[in-house]
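Colleague:
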Ligand code: SAM
Ligand code: SF4
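Numbering (the numbering used here), first residue to last: 1100 to 1601.
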């Protein structure tokens, strides 16, 4: 989630926000300064795209604000993976329509992302108050389109895919610095045809970025302070070097993703941590497993969506892997990294899913065991192959199965976290703890969330520090700084009295 969204968009006001902000906006318009607000719905791809929109609009001289009331340009970056996200968008747009209608000065309302691509022109027919409908591949033209809209141009739709010369918008340091953990996109679109999934229709065919561009972006981010890089792609481990720079012959055993990871490790030696998401189980090979064995910077965590534990359902989902393949890959990863944690995505209530199929999902969750599960009720999506199968699992049954997945997931997480109390974990300090004033939060390389207890003198930018785990919550840990441990910033070592080691 981007920082400007985290600040919250509603806010409780004791004055009339419309009047107040309208006056402010009118003043700014006189001085030629424009403000924008971005609301992000959906996955990491959208978070990444919203961050790029932030950079593009800042470059165009606009300024980010924390509520739509303050903004001349309002962007909703949309998700259409499930119907729920689409319905949320419709209600959001209803509110923004009212906000726009109350104003005296121009406002550009932008619908970006997957729903924009999916609905295209139809979006404007249904919602004529929208000014720009822009797909995930067209964001470069956004600054121009909003300026035109503010000058009174008719509504525009830009949703074509950039198939010939795909652009990958670069994450880059800006005036707020870089996040300790930053995304770098290595491929976009998807060539899989999972029968439930709308993504290939909204994000287009799979396209890949050149290793030189990727390494250069990683290098710049690390030079600006990023400690962890997350390589992004829909099936990220199917990365294929478009420029053949990695020198892999088709028959060669080394996959391009493994070669890319090794090249990043070699060419950016100051990078502390590297992750990739989301891998598809069917694209793991020996070379990627060996990279996990050999490269200490590769985190001991993978998020590998499995969707179901039943082979019958996996087949109907057209996942092109089965339960056995999945377990075998996890087994190989854990053989080279015994402490590795695995999280996953699960869909419950896929058409024809029986109690027995569902029990197999629960048994797979226990067998792996997954530490962290994103579970969803199956949602029929337009144009997908699964529509032919109907939607025969009732919503009540989906809700019941979802609750059982969460219950099991929480107990596995709880056991896992409880076992870490008393250990020392290396935590990347990433952001302020949203629940504690002045506190900080980060992740271990196995993806456990750790909140720092007390004002230990640490600050954002301190990188990876050793913390002694003193408490486990439901989904996270609490850690304290122990000045006796190696890796504590020397600034703090000097400041703290030497405590006896525990
Ligand atoms: N590309 C990633 C992959 O294959 O793992 C994930 C893409 S999708 C945005 C994220 C998750 O949404 C999927 O792993 C799946 O669990 C869920 N999902 C996708 N389509 C869905 C649908 N029609 N109903 C419910 N969940 C869905
Ligand atoms: Fe959707 Fe499957 Fe592609 Fe993931 S791999 S984006 S679930 S079609």
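Glycine included, C-beta positions come from ideal geometry on N, C-alpha and C. Remember, predicted model here, so these are calculated numbers, not experimental data.
By DSSP's criteria, residue 1531 is part of a beta bridge. Which residues make up the other side?
Modeller: On the chain shown, position 432 is the one that residue 1531 refers to. Looking at the DSSP assignment, residue 1531 forms a beta bridge with 1539.
Colleague: If we ignore side chains and look at the alpha-carbon of each, how far apart do residue 1372 and residue 1422 end up?
Modeller: In the chain shown, residue 1372 corresponds to position 273, counting from 1. In the chain shown, residue 1422 corresponds to position 323, counting from 1. Straight-line Cα distance between these residues: approximately 30 Å.
Colleague: May I ask you to check if the CB of residue 1298 is nearer than 8 Å to at least one heavy atom of ligand 2?
Modeller: Stepping through the chain shown from its first residue, residue 1298 is reached at position 199. Result yes, Cβ under 8 Å from ligand 2.
Colleague: Using DSSP's beta-bridge definition, name the partner residues of residue 1565.
Modeller: Taking the first residue of the chain shown as position 1, residue 1565 is located at position 466. Partner(s): 1525.
Colleague: Ignoring anything shorter than 4 residues or poking outside the region 1175 to 1230, list the alpha helix (DSSP H) runs there in chain order.
Modeller: DSSP runs (the alpha helix (DSSP H)) wholly in the region 1175 to 1230: 1182 to 1200, 1213 to 1218, 1220 to 1225.
Colleague: Decide if the region 1564 to 1576 is in contact with the region 1535 to 1552; the criterion is three or more beta carbon pairs, one per stretch, under 8 Å apart.
Modeller: Touching, yes, given that three or more Cβ pairs across the two stretches are closer than 8 Å.
Colleague: Starting from residue 1548, trace the beta strand (DSSP E) in both directions and tell me its first and last residue.
Modeller: Position 449 of the chain shown holds residue 1548. From DSSP, the beta strand (DSSP E) with residue 1548 extends over 1548 to 1551.
Colleague: Restricting to runs no shorter than 4 residues, where is the alpha helix (DSSP H) found entirely within the region 1391 to 1452?
Modeller: List check, alpha helix (DSSP H) in window: 1410 to 1415, 1422 to 1435.
Colleague: Could you check if residue 1409 is buried or exposed, using at least 16 other CB atoms within 10 Å of its CB as the buried criterion?
Modeller: Residue numbering aside, residue 1409 sits at position 310 when the chain shown is read from its first letter. Counting Cβ neighbours within 10 Å, residue 1409 comes out buried, since at least 16 surround it.
Colleague: Just grab the DSSP bridge partners of residue 1287 for me.
Modeller: One-based indexing of the chain shown puts residue 1287 at position 188. For residue 1287, which the question treats as bridged, DSSP gives the partners 1306.
Colleague: Relative to ligand 1, is the shortest distance from any of its heavy atoms to the C-beta of residue 1446 smaller than 8 Å?
Modeller: Working through the chain shown from its first residue, we reach residue 1446 at position 347. Yes, since a heavy atom of ligand 1 falls inside the 8 Å radius drawn around the Cβ of residue 1446.
Colleague: Measuring only the C-alpha atoms, how far is residue 1459 from residue 1407?
Modeller: Translated into positions along the chain shown, residue 1459 becomes position 360. Translated into positions along the chain shown, residue 1407 becomes position 308. Distance between the alpha carbons of residue 1459 and residue 1407: 8 Å.
Colleague: Put residue 1545 into one of helix, strand or coil per three-state DSSP.
Modeller: Indexing the chain shown from 1 puts residue 1545 at position 446. Residue 1545 falls in the coil class under three-state DSSP.
Colleague: Excluding sequence positions up to five away, which residues of its chain have a Cβ less than 7 Å from the Cβ of residue 1256?
Modeller: In the chain shown, residue 1256 corresponds to position 157, counting from 1. Once the five neighbours on either side are set aside, the close Cβ partners of residue 1256 are 1219, 1220, 1223, 1232.
Colleague: Entirely within the region 1468 to 1532 and at least 3 residues each: give me those beta strand (DSSP E) ranges in chain order.
Modeller: Fully enclosed beta strand (DSSP E) runs of 3 or longer: 1472 to 1476, 1523 to 1531.
Colleague: Taking 8 Å as the cut-off, is the beta-carbon of residue 1293 closer than that to any non-hydrogen atom of ligand 2?
Modeller: Counted from its first residue, the chain shown places residue 1293 at position 194. Residue 1293 Cβ: within cutoff of ligand 2.
Colleague: By how many angstroms is the C-alpha of residue 1157 removed from the C-alpha of residue 1103?
Modeller: Locating residue 1103 in the chain shown gives position 4, counting from the first residue. Locating residue 1157 in the chain shown gives position 58, counting from the first residue. Its pLDDT being 27, under 50, residue 1103 is placed unreliably by the model, and the measurement read from it follows with that caveat. In a straight line, the C-alpha of residue 1103 is about 13 Å away from that of residue 1157.
Colleague: From residue 1182 to residue 1369, what distance separates their C-alpha atoms?
Modeller: Taking the first residue of the chain shown as 1, we reach residue 1182 at position 83. Taking the first residue of the chain shown as 1, we reach residue 1369 at position 270. Approximately 43 Å between the Cα atoms of the pair.
Colleague: Please report the residue range of the beta strand (DSSP E) in which residue 1295 lies.
Modeller: Locating residue 1295 in the chain shown gives position 196, where the first residue counts as 1. Taken as a continuous stretch (DSSP letters only), residue 1295 belongs to no beta strand (DSSP E), as it is neither H nor E.
Colleague: Starting from residue 1145, trace the beta strand (DSSP E) in both directions and tell me its first and last residue.
Modeller: Residue mapping note: residue 1145 aligns to position 46 of the chain shown, counting from 1. Residue 1145 -> not in any beta strand (DSSP E); alpha helix (DSSP H) instead, spanning 1143 to 1158.
Colleague: Compare the C-alpha of residue 1415 against each of 1265, 1292, 1555, 1269 and name the closest.
Modeller: Within the chain shown, numbered from 1, the residue matching residue 1415 stands at position 316. Looking at the Cα atoms, 1292 is the closest of the given residues.
Colleague: Given the structure, does residue 1385 come close to ligand 1, in the sense that its CB is under 8 Å from one of the ligand's heavy atoms?
Modeller: Residue numbering aside, residue 1385 sits at position 286 when the chain shown is read from its first letter. Residue 1385 Cβ: outside cutoff for every heavy atom of ligand 1.
Colleague: Quick one: grab the DSSP three-state call for residue 1577.
Modeller: For the purposes of this step, residue 1577 is taken as residue 478 along the chain shown, with counting starting at 1. Looking at residue 1577 - three-state DSSP - the assignment turns out to be strand.
Colleague: Taking only three categories from DSSP, how would you classify residue 1245?
Modeller: Translated into the one-based positions of the chain shown, residue 1245 becomes position 146. Helix, per DSSP.
Colleague: Keeping to the same chain, check which residues put their C-beta closer than 6 Å to that of residue 1059; ignore five residues upstream and five downstream.
Modeller: Past the boundaries of the shown model lies residue 1059; the chain is included only from 1100 to 1601, so the question cannot be answered.
Colleague: With a cut-off of 8 Å, do at least 3 Cβ pairs link the region 1321 to 1329 to the region 1271 to 1288?
Modeller: Touching, yes.
Colleague: What's the call for residue 1520, buried or exposed, on a 16-neighbour Cβ count within 10 Å?
Modeller: Position 421 of the chain shown holds residue 1520. Residue 1520 comes out exposed.
Colleague: With distances taken between CB atoms, is the gap from residue 1249 to residue 1205 smaller than 9 Å?
Modeller: Stepping through the chain shown from its first residue, residue 1249 is reached at position 150. Stepping through the chain shown from its first residue, residue 1205 is reached at position 106. Taking 9 Å as the Cβ cut-off, residue 1249 and residue 1205 qualify as a contacting pair.
Colleague: Measure the C-alpha to C-alpha separation of residue 1571 and residue 1447 and round it to an integer number of angstroms.
Modeller: To locate residue 1571, count along the chain shown from 1; it is residue 472. To locate residue 1447, count along the chain shown from 1; it is residue 348. Spanning the two alpha carbons is a distance of roughly 29 Å.
Colleague: Is there contact between the region 1521 to 1529 and the region 1476 to 1490, where contact requires at least three CB pairs shorter than 8 Å?
Modeller: Flag = no, the region 1521 to 1529 and the region 1476 to 1490 do not touch.
Colleague: What does the alpha-carbon distance come out to for the pair residue 1455 and residue 1462?
Modeller: Mapped onto the chain shown, residue 1455 falls at position 356. Mapped onto the chain shown, residue 1462 falls at position 363. For residue 1455 and residue 1462, the distance between alpha carbons rounds to 10 Å.
Colleague: Tell me residue 1172's beta-bridge partners as DSSP assigns them.
Modeller: As a first step, residue 1172 must be located in the chain shown, where it is residue number 73. Its beta-bridge partners are 1135, 1207.
Colleague: Rounded to whole angstroms, what is the Cα-Cα separation between residue 1584 and residue 1270?
Modeller: Position 485 of the chain shown holds residue 1584. Position 171 of the chain shown holds residue 1270. The alpha-carbon atoms of residue 1584 and residue 1270 are separated by roughly 34 Å.
Colleague: Assuming residue 1298 and residue 1146 make a contact with CB atoms under 8 Å, what is their CB distance in whole Å?
Modeller: The residue you call residue 1298 lines up with position 199 of the chain shown. The residue you call residue 1146 lines up with position 47 of the chain shown. No, residue 1298 and residue 1146 are not in contact; Cβ-Cβ is about 15 Å, not under 8 Å.
Colleague: What separation, rounded to the nearest whole angstrom, lies between the Cα atoms of residue 1151 and residue 1433?
Modeller: Numbered from 1 along the chain shown, position 52 holds the residue referred to as residue 1151. Numbered from 1 along the chain shown, position 334 holds the residue referred to as residue 1433. Computed Cα separation, rounded: 35 Å.
Colleague: Kindly examine ligand 2 and report whether one of its heavy atoms sits closer than 8 Å to the Cβ of residue 1377.
Modeller: Here residue 1377 refers to the residue found at position 278 of the chain shown. Yes.
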